[in-house]
Amino acid sequence: MPGARSNYLRNLVKLARGDSLLDPLIVTYYVTTNCNLNCIYCEDFGSRLNDPSQIPTFEEVREVLKVIRTGSDHLLLTGGEPLTHPQIDYILPYAKEELGFKQITMLSNGLLLPQHQAVLPHLDRLVISIDSIEAEVWHRLIGTTVKYAQKILDNVVHYAAEQKKYGLQIVVNCVLTPQNLDSAWDVLEFCRAHNLLVGFSPQALHNWPAYELLVSAEFKTLVEKLISAKKAGAPVLGSLAYLETLSDFSTYKCYPTTAPRVMPDGELIYPCRPVEKEKDSFGGSINLKTVQSWDQAISSLEEQFGAPPISCTSCYQQCYIEPSLMQAQPLDYLTELVKFSPSRKGSLATHTPG
């Protein structure tokens, strides 16, 4: 079955032929939209929006994952908070052992990790969001108490020390907001101290970077410092191409089908969530439970909605840009792998924290 590596090479041929409908490097599956936090920068999820109907049964998850596996061998499970799914301890071994996903990543807020250590041996990457290492500051950003914010930080420190035991790489995802620019550097130093990789993305409002960041000299200075730190060996999991794009919010070639999203009920979003949410003729979805394979689903979507757009000036989150940049700029990708160990350790081409 197709894999991320073979898809990457096949995509290079497609691009040479002028074909923008690329194969997936990694597929993100929202195993539930329910969450146990209320992050102020999250526009789609949060405990205030929890809906019991958005928790698919184990059988439904199995059905969706079978089709996803026909498209790629790299899977990212997210939410909401995936650890709130009542069968998450069974979903991970099923995906890894029975379906044969080569690499599985889970995006989590980390609060429930002690109750779900059973998932850790089946993960290759665990992405945990940390926007400040000061619980008194961070709890307001994620809509919880100081006690729980500190608990997440303590959990990260604990499991950072057990990465080798479980055979996984922990990545911290830091969302840059107007409220935490002065503390984001401390997140980098925290990750350096605990052998963690860290990625940075700007807060988005309606798929655009927050206006305060667009006009912020402090934001630009921070990104330039991150570029210098990366070159000096800091554990920054973000390509130079991405960070340079972020420093001035320059346009980039976007290939959204390299990192597609699938919702809990099995709806494959096309070509990407920002376009699909506009509810116009340029985007839509198809339920994977109605098809036999990924190729069948994509062919149907292309026939209905056409090829995806290429040039994008909207979202600048790393989860959207990074796979596209590494696919469109293979020499930059090769340079990243050769020069920067975090890029190798963190599987940069399929790094999708959001």
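Those letters in the sequence shown? Residues 0 to 353, by numbering that gives the first Met the number 0. Backbone N, C-alpha and C define an ideal beta-carbon position, used for all residues, glycine too. Predicted model, so just to flag it, every value in this text is computed and none were measured.
Rounding to the nearest angstrom, what Cα-Cα distance links L21 and Y254 in this structure? Taking the sequence shown and counting its residues from 1, one reaches residue 21 at position 22. Taking the sequence shown and counting its residues from 1, one reaches residue 254 at position 255. For L21 and Y254, the distance between alpha carbons rounds to 7 Å.
Does the Cβ-Cβ distance between P322 and T289 come in under 8 Å? The sequence position of residue 322 within the sequence shown is 323, counting from 1. The sequence position of residue 289 within the sequence shown is 290, counting from 1. Contact: no.
Considering Cα atoms alone, identify which of T176, S238, K230, L236 is closest to Y210. Counted from its first residue, the sequence shown places residue 210 at position 211. When only C-alpha atoms are compared, the closest one is T176.
Just list the residues that DSSP pairs C314 with in beta bridges. Within the sequence shown, numbered from 1, the residue matching residue 314 stands at position 315. The partner list for C314 (beta bridge, DSSP) is empty, contrary to what the question assumes.
When the distance is taken between beta carbons, is T104 closer than 8 Å to V126? Here residue 126 refers to the residue found at position 127 of the sequence shown. Here residue 104 refers to the residue found at position 105 of the sequence shown. Contact: yes.
Along the chain, where does the beta strand (DSSP E) containing H73 start, and where does it finish? Within the sequence shown, the letter at position 74 stands for residue 73. H73 -> beta strand (DSSP E) spans 73–77.
Please report the straight-line C-alpha distance between R124 and L221, rounded to a whole angstrom. On the sequence shown, residue 124 is found 125 positions in, with the first residue counted as 1. On the sequence shown, residue 221 is found 222 positions in, with the first residue counted as 1. R124 and L221: Cα-Cα distance of roughly 26 Å.
Output needed for W137: all residues of its chain with C-beta closer than 7 Å, excluding positions within five of it in sequence on either side, in chain order. Residue 137 sits at position 138 when you count from the first residue of the sequence shown. Cβ neighbours of W137 beyond the five flanking positions: D130, S131, A148.
With the cut-off set at 8 Å, would you say A159 and N206 are in Cβ contact? The residue given as residue 159 occupies position 160 in the sequence shown. The residue given as residue 206 occupies position 207 in the sequence shown. Against a cut-off of 8 Å, the Cβ pair of N206 and A159 comes out as no contact.
Under a three-way DSSP split, which group does F281 fall into? Along the sequence shown, one-based indexing puts residue 281 at 282. DSSP places F281 in coil when its eight states are reduced to three.
Taking the alpha helix (DSSP H) that S298 falls in, what are its first and last residues? Counted from its first residue, the sequence shown places residue 298 at position 299. First-last of the alpha helix (DSSP H) with S298: 293–304.
Since G78 and T32 are thought to touch, with beta carbons under 8 Å apart, how far apart are those beta carbons, to the nearest angstrom? Numbered from its first residue, the sequence shown carries residue 78 at position 79. Numbered from its first residue, the sequence shown carries residue 32 at position 33. Correct: roughly 6 Å between the Cβ atoms.
Pick out whichever of D72, Y165, V60 has its Cα sitting closest to the Cα of Q86. Taking the sequence shown and counting its residues from 1, the one referred to as residue 86 is at position 87. Nearest of D72, Y165, V60 to Q86, Cα basis: V60.
Runs of beta strand (DSSP E) lying entirely within the stretch 60–143, each at least 3 residues, in chain order: 73–77, 102–107, 124–128
Can you check whether the CB of L82 is closer than 8 Å to the CB of S107? The residue labelled residue 107 in the question sits at position 108 within the sequence shown. The residue labelled residue 82 in the question sits at position 83 within the sequence shown. Yes, they are a contact pair.
Can you say whether H84 is buried or exposed, counting buried as having 16 or more other CB atoms within 10 angstroms of its CB? Indexing the sequence shown from 1 puts residue 84 at position 85. Counting Cβ neighbours within 10 Å, H84 comes out buried, since at least 16 surround it.
Only counting the same chain, and skipping five residues up and downstream in sequence, which positions put a Cβ closer than 6 Å to that of C271? Your numbering for residue 271 matches position 272 in the sequence shown. Same-chain partners within the cutoff: P255.
In the DSSP assignment, the alpha helix (DSSP H) including V337 goes from what residue to what residue? Here residue 337 refers to the residue found at position 338 when the sequence shown is read from its first residue. Where V337 is concerned, the enclosing alpha helix (DSSP H) stretches over 329–338.
Kindly indicate which three-state DSSP category A348 falls into: helix, strand or coil? Counting from 1 along the sequence shown, the entry for residue 348 is found at position 349. Looking at A348 - three-state DSSP - the assignment turns out to be helix.
Is the CB-CB distance between A183 and Q316 below 8 Å? Locating residue 183 in the sequence shown gives position 184, where the first residue counts as 1. Locating residue 316 in the sequence shown gives position 317, where the first residue counts as 1. Taking a C-beta distance under 8 Å as the contact criterion, A183 and Q316 do not qualify as a contact pair.
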